[in-house]
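The structure appears below as structure tokens.
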Amino acid sequence: MSTVLEAAKKFYEVYNDKKLDLIDSIFTDDYVGHVNAHDIVGAANAKGFIGGFLEGIPNAFYDIKESFVNDDKVTCRWVCTGTQTGNFYGMPPTNKDVNVNGITIFRIADGKIAELWNVWDQFTLVEQLKA
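Counting in numbering that gives the first Met the number 0, the sequence shown runs from 0 upward without gaps.
Structure follows, in structure tokens:
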């Protein structure tokens with residue numbers, strides 16, 4: 000497995016294994032995450048964003064369905080499943096299951112994630128939580 004792909008897979012370990020501290024070792028100092036319409040700059044902000052997600056869906060699990068490597072970039076198509084048992088960015092627990100699709104493109108520099116573009120189906124997630 001290429002080191003570029005390994006770096007991207009470490010990102011999903013943060014969620015799947017609930018290892019927020021792993022972020023410090025897998026992101027570059029100048030990391031930027033482009034998540035739907037928001038930019039998340041720096042590892043500390045990424046920890047806050049991911050921590051908020053895991054607070055709401057503590058059993059979140061990312062299953063990588065496909066991955067493609069091209070030079071310093073990795074594209075992953077994934078499905079995230081879990082149950083919203085905690086506060087989810089201000090939304091009280093619903094105890095409802097979620098099943099959301101998304102695609103993330105990672106740019107890797109020196110074996111670490113320097114930038115990512117993450118697009119996921121927010122509409123379906125909201126519909127599942129309010130249904």
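Just so you know, even glycine gets a beta-carbon here, dropped at the ideal spot from N, CA and C.
Keep in mind that this is a model prediction, so the values were computed, not measured.
Are the beta-carbon atoms belonging to residue i and residue j less than 9 Å from one another?
| i | j | result |
| --- | --- | --- |
| Cys79 | Asn94 | no |
| Tyr88 | Gly41 | no |
| Asn117 | Asn35 | yes |
| Ile49 | Ile112 | no |
| Gly85 | Pro92 | yes |
| Thr123 | Ile102 | no |
Out of the options, state which residue places its alpha-carbon closest to the alpha-carbon of residue i.
| i | options | result |
| --- | --- | --- |
| Tyr14 | Asp29, Lys46, Ala59 and Ile39 | Ala59 |
| Ala108 | Asp16, Asp28, Thr74 and His37 | Asp28 |
| Asp16 | Asp62, Val125 and Trp116 | Asp62 |
| Arg76 | Gly47, Lys129, Leu53 and Ile104 | Ile104 |
Mapping DSSP to helix, strand and coil, what is residue i?
| i | result |
| --- | --- |
| Tyr61 | strand |
| Asp28 | strand |
| Lys17 | coil |
Based on the DSSP output, what are the partners of residue i in its beta bridges?
| i | result |
| --- | --- |
| Val125 | BP columns for Val125 are empty, so no partner. |
| Thr2 | In the DSSP output, where bridge partners are listed per residue, Thr2 has none listed. |
List in chain order: all unbroken alpha helix (DSSP H) runs of 4+ residues lying wholly within the region 34-59. 42-55
Which ranges does the beta strand (DSSP E) cover as unbroken runs of at least 3 residues, wholly within the region 64-105, from first to last along the chain? 72-82
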